[in-house]
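K.L.:
According to the UniProt record's numbering, the residues represented by the sequence shown are 1 to 584, in order. Ideal Cβ positions, reconstructed from N, Cα and C, are used throughout, including at glycine.
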Amino acid sequence: MSIKKKTPEELRSHRWYGVHDLRSFGHRSRTAQMGYGREEYAGKPVIAILNTWSEINPCHTHFKQRVEEVKRGIWQAGGFPVELPVQTLSEPFQKPTTMLYRNFLAMEVEETLRSYPADGVVLMGGCDKTTPALLMGAISMDLPAIFLPAGPMLNGNWNGRTLGSGSDTWKYWADLRAGKITEDDWRGVEGGIARSPGHCMTMGTASTMTSAAEALGFTLPGFASIPAADSRHAVFAAKTGMRIVDMVWEDLKPSDLLSAASIDNAVTTCLALSGSTNAIVHMIALARRAGIELTLERYDDLARRTPVLANIRPTGQYLMEDFYYAGGLRAMLKELGDLIDGSQKTVNGRTLAENIGDAEIFNDEVIRRRATPLMPDTGLAVLRGNLAPDGAVIKPGAAEPALHVHTGRAVVFRDYNDMAARIDDDALEIDETCVIVLQHAGPVGAPGMPEWGQLPIPKKLLERGVRDMVRISDARMSGTSYGACVLHVAPESFIGGPLALVRDGDLIELDVPQRKLNVLITDEELARRKAAWVAPAPRFTRGYGAMHQIHVTQADKGCDFDFLQRDGGKPDAKDASGGEPEIH
Ligand code: FES
Numbered sequence: 001m002s003i004k005k006k007t008p009e010e011l012r013s014h015r016w017y018g019v020h021d022l023r024s025f026g027h028r029s030r031t032a033q034m035g036y037g038r039e040e041y042a043g044k045p046v047i048a049i050l051n052t053w054s055e056i057n058p059c060h061t062h063f064k065q066r067v068e069e070v071k072r073g074i075w076q077a078g079g080f081p082v083e084l085p086v087q088t089l090s091e092p093f094q095k096p097t098t099m100l101y102r103n104f105l106a107m108e109v110e111e112t113l114r115s116y117p118a119d120g121v122v123l124m125g126g127c128d129k130t131t132p133a134l135l136m137g138a139i140s141m142d143l144p145a146i147f148l149p150a151g152p153m154l155n156g157n158w159n160g161r162t163l164g165s166g167s168d169t170w171k172y173w174a175d176l177r178a179g180k181i182t183e184d185d186w187r188g189v190e191g192g193i194a195r196s197p198g199h200c201m202t203m204g205t206a207s208t209m210t211s212a213a214e215a216l217g218f219t220l221p222g223f224a225s226i227p228a229a230d231s232r233h234a235v236f237a238a239k240t241g242m243r244i245v246d247m248v249w250e251d252l253k254p255s256d257l258l259s260a261a262s263i264d265n266a267v268t269t270c271l272a273l274s275g276s277t278n279a280i281v282h283m284i285a286l287a288r289r290a291g292i293e294l295t296l297e298r299y300d301d302l303a304r305r306t307p308v309l310a311n312i313r314p315t316g317q318y319l320m321e322d323f324y325y326a327g328g329l330r331a332m333l334k335e336l337g338d339l340i341d342g343s344q345k346t347v348n349g350r351t352l353a354e355n356i357g358d359a360e361i362f363n364d365e366v367i368r369r370r371a372t373p374l375m376p377d378t379g380l381a382v383l384r385g386n387l388a389p390d391g392a393v394i395k396p397g398a399a400e401p402a403l404h405v406h407t408g409r410a411v412v413f414r415d416y417n418d419m420a421a422r423i424d425d426d427a428l429e430i431d432e433t434c435v436i437v438l439q440h441a442g443p444v445g446a447p448g449m450p451e452w453g454q455l456p457i458p459k460k461l462l463e464r465g466v467r468d469m470v471r472i473s474d475a476r477m478s479g480t481s482y483g484a485c486v487l488h489v490a491p492e493s494f495i496g497g498p499l500a501l502v503r504d505g506d507l508i509e510l511d512v513p514q515r516k517l518n519v520l521i522t523d524e525e526l527a528r529r530k531a532a533w534v535a536p537a538p539r540f541t542r543g544y545g546a547m548h549q550i551h552v553t554q555a556d557k558g559c560d561f562d563f564l565q566r567d568g569g570k571p572d573a574k575d576a577s578g579g580e581p582e583i584h
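Next comes the structure, spelled out in structure tokens:
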């Protein structure tokens, strides 16, 4: 089937460069100021390259080079590349959490594209929140868009042992505190755990979300699994540059890729990878940008039917480099078979099924067969009850099975500082049957819903060999964490959700098979406590933080800003995302 191609006059950039008026004279003369002759750009698609590189983002150190490879591809395909720097969202350095700034980057992406003469865009990201932020902004702007995933870093290595980001940091920190390794050993781990450019190579948020981006059809097939340091990563960067130029001529936009089925494909992918629980929040936000309602119930339904196939840490044993050599994401998607809707379109113009047709599993210990999954269907569970009327989540596979059904006495901390001050106090009345509750750690309260959800086990219990307890909060948890941690409780405590009303000594009931989470007090008592609840003072009085606390939605709605969702937060609004005022 031949695709109708745009003419040069139909390009969005024509309004800046191609018309005969005073403003376009300015655009052309200023482009000449930058050293380009008319013949280099006239009538060509202008491709914005949104680059999240910076000197404080270790996961994107190769982007300075990769952007040149992207430009090479764009020139070769007859486009005009324009690199535009956007916020870097560096997971290891940004406080209190990059999540606070995800929506900031998403806004920056949308407004940068809207205000400059972009016909199409290459999105360069990978470190945790950069992927959802770039995609959210691009979906709202709905120009032809292709994602360049940073790629995982190489396997960590120290004294012959393989190290994984995050998971092994905590493991060896515990060993150091317990005197099992020396300070010299600890420095060795420090030097060997992050060996190359690229994002975390465990199945944290970065690997989960770049894989989700590929499953959604936003990357060239196979790209998300290629390690950042592999020469094939550079080859794919150039191919990405070439492809976006054709996507502009074909007018292949995010709205052509996204559907309820493609969102299901991405969620199924996250589940089969045993991906980060953070992906739930991001996938809901992405879907809502596209006007697709992804509910926690749908997530739970998909979790009940999806086996975990990727044997990657922290759930499994291996790392992303091993996953790539075992066949990568294409092979896993093919193995998922009828759980994936292969008819969905992707950025190369072909369907997902066409893209994975020739994929093979080369090591079925790393990428499991459906007949021998790592876990049958225990990747994720959505809980509800009087403690979480709008939902909460748990990763049962990461928790002690004995804790899946548990009732225990609540030990409540009113915020993170309170927990830090008292958790290791010998006088704290707590044992392994208790339920640890952390309040004020949600989207508004913390602020930004930090990854505090793997609440620490009190030292005195650790010393007795206790390794897991039921822990509940409205926070998120790093994808590299584990334990019986109930997360994303909604509505959050800071805005008066029931979690704010729990007191020391209340009994809390967790029942994963029944999907229940309750505080065992009467409705009347809950109502009495609610009536007596006093709202805490706002976290911010000015700036971005003030805007965030007013407009951020709860975890079950994706923590996007209400006015950035497709309906602008108003049920009766007409497609606010597509509105583009005339720019002269
Ligand atoms: Fe960038 Fe983990 S620190 S992905």
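Helix, strand or coil, according to DSSP, for C559 in the structure here?
P.N.:
Start at 1 with the first residue of the sequence shown, and residue 559 comes out as number 559. Of the three classes helix, strand and coil, the one that applies to C559 here is coil, per DSSP.
K.L.:
Between the alpha carbons of R289 and E400, how many angstroms are there, rounded?
P.N.:
By one-based count along the sequence shown, residue 289 stands at place 289. By one-based count along the sequence shown, residue 400 stands at place 400. Looking at the two C-alpha atoms, the distance is approximately 36 Å.
K.L.:
Tell me whether G166 is buried or exposed, calling it buried when 16 or more other Cβ atoms sit within 10 Å of its Cβ.
P.N.:
The sequence position of residue 166 within the sequence shown is 166, counting from 1. So G166 ends up on the buried side.
K.L.:
Examine the ligand FES and report whether any of its heavy atoms sits within less than 7 Å of the Cβ of D128.
P.N.:
For the purposes of this step, residue 128 is identified with residue 128 of the sequence shown, where counting begins at 1. Correct: D128 has its Cβ closer than 7 Å to the ligand FES.
K.L.:
Give every residue of the same chain whose Cβ lies closer than 8 Å to the Cβ of P536, excluding the five residues on either side of it in the sequence, and list them in chain order.
P.N.:
The sequence position of residue 536 within the sequence shown is 536, counting from 1. So the list reads H440, G445, F494, once near-sequence residues are dropped.
K.L.:
Hey, quick one: how far does the alpha helix (DSSP H) through N51 stretch, first residue to last?
P.N.:
For the purposes of this step, residue 51 is taken as the residue at position 51 of the sequence shown. Unbroken run through N51 is the beta strand (DSSP E), 46 to 51; no alpha helix (DSSP H).
K.L.:
Restricting to Cα atoms, I'd like to know which of G505, S481, N386 is closest to L526.
P.N.:
Taking the sequence shown and counting its residues from 1, the one referred to as residue 526 is at position 526. Considering only alpha carbons, the answer is N386.
K.L.:
State the beta-bridge partners of D511 as determined by DSSP.
P.N.:
The residue labelled residue 511 in the question sits at position 511 within the sequence shown. D511 is bridged to V405, K516.
K.L.:
Suppose contacts are defined by Cβ-Cβ distances below 8 Å. Is N348 in contact with L220 by that definition?
P.N.:
The residue given as residue 348 occupies position 348 in the sequence shown. The residue given as residue 220 occupies position 220 in the sequence shown. For N348 and L220, yes; Cβs fall inside 8 Å.
K.L.:
Determine the DSSP secondary structure at P96, reduced to helix, strand or coil.
P.N.:
Taking the sequence shown and counting its residues from 1, one reaches residue 96 at position 96. Here P96 sits in coil by DSSP.
K.L.:
For A546 and A531, I'd like the C-alpha separation in whole angstroms.
P.N.:
Translated into the one-based positions of the sequence shown, residue 546 becomes position 546. Translated into the one-based positions of the sequence shown, residue 531 becomes position 531. The alpha-carbon atoms of A546 and A531 are separated by roughly 26 Å.
K.L.:
Can you name, in chain order, every residue of its own chain whose Cβ lies under 7 Å from the Cβ of M332, other than the five neighbours on each side?
P.N.:
For the purposes of this step, residue 332 is identified with residue 332 of the sequence shown, where counting begins at 1. Here the set comprises A272, L309, A310, I367.
K.L.:
What alpha helix (DSSP H) runs, 4 residues minimum, are completely inside the segment 228 to 315?
P.N.:
Entirely contained in the segment 228 to 315, the alpha helix (DSSP H) runs reaching 4 residues are, in chain order, 231 to 250, 254 to 257, 260 to 272, 278 to 289, 296 to 305.
K.L.:
Looking at D556 and L148, is the spacing between their C-beta atoms short of 8 Å?
P.N.:
Along the sequence shown, one-based indexing puts residue 148 at 148. Along the sequence shown, one-based indexing puts residue 556 at 556. Not in contact: L148 and D556 (Cβ atoms no closer than 8 Å).
K.L.:
Compare the beta carbon distance of L89 and T31 with 8 Å and say whether it is the shorter of the two.
P.N.:
Here residue 89 refers to the residue found at position 89 of the sequence shown. Here residue 31 refers to the residue found at position 31 of the sequence shown. No, the Cβ-Cβ distance between L89 and T31 is not below 8 Å.
K.L.:
Does N417 pass the burial test, meaning 16 or more other C-beta atoms within 10 Å, or should it be called exposed?
P.N.:
To locate residue 417, count along the sequence shown from 1; it is residue 417. Its Cβ having fewer than 16 others within 10 Å, N417 is exposed.
K.L.:
Ordered along the chain, which non-local residues of its own chain (more than five positions away) have a Cβ less than 6 Å from that of I56?
P.N.:
On the sequence shown, residue 56 is found 56 positions in, with the first residue counted as 1. Only S90, F93 meet the Cβ criterion.
K.L.:
If you reduce the DSSP assignment to three classes, tell me which class M136 lands in.
P.N.:
The residue given as residue 136 occupies position 136 in the sequence shown. Three-state DSSP puts M136 in a helix.
K.L.:
Quick one, which of M124, R467, K95, G73 has its alpha-carbon nearest P85's?
P.N.:
The count along the sequence shown starts at 1 and reaches residue 85 at position 85. Residue M124 is the option with its Cα nearest to P85.
K.L.:
Does the distance from the CB of E360 to the CB of P227 come in under 8 Å?
P.N.:
Counting from one through the sequence shown, the residue named residue 360 turns up at place 360. Counting from one through the sequence shown, the residue named residue 227 turns up at place 227. The answer is no: Cβ separation not under 8 Å.
K.L.:
Three or more beta-carbon pairs under 8 Å between the segment 258 to 270 and the segment 340 to 355, yes or no?
P.N.:
Touching, yes.
K.L.:
Can you tell me whether residue 593 is helix, strand or coil according to DSSP?
P.N.:
Examination of residue 593 is not possible in this model, given that the chain is present from 1 through 584 alone.
K.L.:
Buried or exposed: S115, going by 16 or more other Cβ atoms within 10 Å of its Cβ?
P.N.:
Residue mapping note: residue 115 aligns to position 115 of the sequence shown, counting from 1. So S115 counts as exposed.
K.L.:
By how many angstroms is the C-alpha of E250 removed from the C-alpha of I3?
P.N.:
Looking up residue 3 in the sequence shown gives position 3. Looking up residue 250 in the sequence shown gives position 250. Taking the straight line from one Cα to the other gives about 7 Å.
K.L.:
I'd like the ranges of any beta strand (DSSP E) spanning at least 3 consecutive residues and lying wholly in the segment 384 to 451.
P.N.:
For the segment 384 to 451, whole beta strand (DSSP E) runs of length 3 or above, ordered along the chain, are 388 to 394, 405 to 413, 435 to 438.
K.L.:
Expressed to the nearest angstrom, what Euclidean distance is found between the alpha-carbon atoms of R467 and N157?
P.N.:
The residue labelled residue 467 in the question sits at position 467 within the sequence shown. The residue labelled residue 157 in the question sits at position 157 within the sequence shown. Distance between the alpha carbons of R467 and N157 is about 26 Å.
K.L.:
Beta-carbon within less than 7 Å of A538's beta-carbon, same chain only, minus the 5 sequence neighbours each way: which residues are those?
P.N.:
Taking the first residue of the sequence shown as 1, we reach residue 538 at position 538. Here residue 538 turns out to be Pro, not Ala, going by the sequence shown. Result list for P538: Q549, in chain order.
K.L.:
P58 by DSSP, collapsed to three states: which one?
P.N.:
The sequence position of residue 58 within the sequence shown is 58, counting from 1. Helix.
K.L.:
In chain order, what residues of the same chain lie with their CB nearer than 6 Å to the CB of A106, ignoring the 5 residues before and after it?
P.N.:
Here the question's residue 106 lines up with position 106 in the sequence shown. Excluding positions up to five away in sequence, the list reads A133, M136, G137.
K.L.:
Taking DSSP as the reference, what is the three-state secondary structure of A145?
P.N.:
Position 145 of the sequence shown, counted from the first residue, corresponds to residue 145. In this structure, A145 counts as strand in the three-state DSSP scheme.
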